[in-house]
Amino acid sequence: MAPSHDSPKGDNIALDIATLLLHADDRFANVVDRGVAPSISVASTFRSYPGGGVADTTCDQYNPSAHIYSRYTCPLTTRAEKVLGALCNGYALTYGSGLAAAYAAFVFFKPKRVAITGGYAGTHLTIQTYQKSRGELNPLEVIGIDDPYQPGDLVWLESPVNPTGELRDIRAYAEKVHAVGGKLIIDSSFAPPPLQDPLQLGADCVMHSGTKYFGGHSDLLCGVLVVKTREEWNELQLDRTFLGGVMGSLESFLLLRSLRTFHLRIPRQFENAANLAKWLGRLTTIPAGEEWDGVQSGVVIRVWYPGVSGDKEQEELLKTQFNGKGPACFSFLMGNADHAYALPHVVKYFVPATSLGGVESLIEQRCTSDPTIDRRLIRLSVGVENLEDLKEDLRQGFRAAAKGMAKL
447 MAPSHDSPKG DNIALDIATL LLHADDRFAN VVDRGVAPSI SVASTFRSYP GGGVADTTCD
507 QYNPSAHIYS RYTCPLTTRA EKVLGALCNG YALTYGSGLA AAYAAFVFFK PKRVAITGGY
567 AGTHLTIQTY QKSRGELNPL EVIGIDDPYQ PGDLVWLESP VNPTGELRDI RAYAEKVHAV
627 GGKLIIDSSF APPPLQDPLQ LGADCVMHSG TKYFGGHSDL LCGVLVVKTR EEWNELQLDR
687 TFLGGVMGSL ESFLLLRSLR TFHLRIPRQF ENAANLAKWL GRLTTIPAGE EWDGVQSGVV
747 IRVWYPGVSG DKEQEELLKT QFNGKGPACF SFLMGNADHA YALPHVVKYF VPATSLGGVE
807 SLIEQRCTSD PTIDRRLIRL SVGVENLEDL KEDLRQGFRA AAKGMAKL
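Sequential numbering of the sequence shown, starting at 447, is according to the numbering used here.
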């Protein structure tokens, strides 16, 4: 095990988030080229010195202060994990993508069964891939998330849920699965810290698609697993070394750069989303045949957003496990499937694309990514643009879609 002073958990974790994001990795600042910003290292292997090396039994290839080979550790990834560990108040490990992190979690927990319902389609496909590795003699059973649990079960819970943004009761699922000796992993990609702290709510592991809010600029792929102990982190890192799912140096650089402004981006995006969801919710109440704020009745018929949907359980969860007004990625249902098909291509500022969490707002007819979804459902990822501009963009988009003006 690496010395305790080389813990992957970030330094100065008691600091305010704004200071923490900029200084949790200060101990690894480059003292050679004296750059304020970290340099991009493209080295795949690192020079050894007397008394250290792979053949030296006293050497620890996982010591983040003594890099040997970049499949183990490298400077920028170490720094990014320092910041993430401090931000998430745990031990964070990065991967080449969110699904690489998901696969690593299945390898780590070795579940007898996986309990999962709905959510991101990619996770279900990753489970199918993991099932292949189990073989016919040791099959992996998949059950519903609300089915009875057994010892050895792994509950895979998204909260908020993709694509609607609905919340699930993390503490309740933790208590249920722990009562039989199972484990709970939370996909918290829709709710980065400090908006939600699944470890405090009882989760055994937290997964983030770092591509989303941690990256925040739609320019990198990243996955993150966060665990409670150094021993768990060590095992995950050993697995990662031989699964090969490490991030590249450029991605690590982009991630670290993006984390510096994380605390500025997140409040803006989530505030924008709350106000936009409230406006969309008002559209669902327009009396038949009437118009409000430039939008005809029947254009939007449902909004999934805590406090807007009218679901009391969602409102209560928002108060008890979510530190904010609600997710910045949520969905609404249009009255006409053809209009929903056209809408992403007639708006001006919402970008017609999948994914979420970037500073630019995205819009997607979700069935194009997941064919099981209602064709009328639109998923929004709200960015940092001016709120009134986003409203007007949707307003004119609704009109254009209804007139069949889509240039497809």
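Built from N, CA and C at the ideal position, the CB exists for glycine as well. All values derive from a computational prediction rather than experimental measurement.
With DSSP as the reference, please indicate the residues paired to residue i in a beta bridge.
i	result
residue 797	808
residue 517	Residue 517 is not bridged to any residue.
residue 742	737
residue 572	DSSP output for residue 572 lists no bridge partner at all.
residue 632	603, 652
residue 766	According to DSSP, which records beta bridges pairwise, residue 766 is partnered with nothing at all.
residue 748	779
Tell me which same chain residues have a C-beta within less than 6 Å of the C-beta of residue i, skipping the five on either side of it?
i	result
residue 729	741, 746
residue 787	811
residue 708	467
residue 553	685
residue 545	568, 572
residue 533	639
Starting from residue i, follow the alpha helix (DSSP H) in both directions and report where the run begins and ends.
i	result
residue 506	No alpha helix (DSSP H) contains residue 506, which DSSP labels as neither H nor E.
residue 716	708-729
residue 784	783-788
residue 455	No alpha helix (DSSP H) contains residue 455, which DSSP labels as neither H nor E.
residue 704	695-705
residue 692	Where residue 692 is concerned, there is no enclosing alpha helix (DSSP H), given that its DSSP letter is neither H nor E.
residue 624	616-624
residue 732	Unbroken run through residue 732: none, as it is neither H nor E.
State the start and end residues of the unbroken beta strand (DSSP E) segment that holds residue i.
i	result
residue 541	537-541
residue 895	Because the chain in this structure spans residues 447 to 854, residue 895 falls outside the shown range and cannot be described.
residue 778	775-780
residue 825	823-827
residue 559	559-561
residue 667	No beta strand (DSSP E) holds residue 667; DSSP gives it neither H nor E.
residue 599	599-604
residue 403	The question about residue 403 has no answer, for the chain in this structure spans 447 to 854.
residue 652	651-655
For residue i, I'd like the list of residues in its chain whose CB is within less than 7 Å of its CB, leaving aside the five on either flank, ordered along the chain.
i	result
residue 636	606, 608, 611, 773, 775
residue 754	723, 724, 727
residue 550	541, 671, 682, 685, 686, 689, 691
residue 848	785
residue 764	613, 752, 753, 772
residue 839	793, 794, 795, 796
residue 655	544, 635, 669
residue 659	638, 712, 803
residue 593	561
residue 842	none
Using a 10 Å radius around the Cβ and a threshold of 16 neighbouring Cβ atoms, would you call residue i buried or exposed?
i	result
residue 802	buried
residue 835	exposed
residue 657	buried
residue 629	buried
residue 715	buried
residue 616	buried
residue 850	exposed
residue 738	exposed
residue 530	buried
residue 464	exposed
residue 547	buried
residue 758	exposed
residue 619	buried
residue 650	buried
residue 760	buried
residue 462	exposed
What does a CB cutoff of less than 8 Å around residue i pick up in its chain, not counting 5 residues either side in sequence?
i	result
residue 598	557, 558, 559, 627, 628
residue 486	522, 695, 696, 699
### Message
Between the stretch 767-775 and the stretch 640-647, can you find at least three pairs of beta-carbon atoms closer than 8 Å?
### Response
Short answer: they touch.
### Query
With contact counted as at least three CB pairs below 8 Å, one residue from each stretch, are the stretch 821-841 and the stretch 562-575 in contact?
Not touching, per the Cβ criterion.
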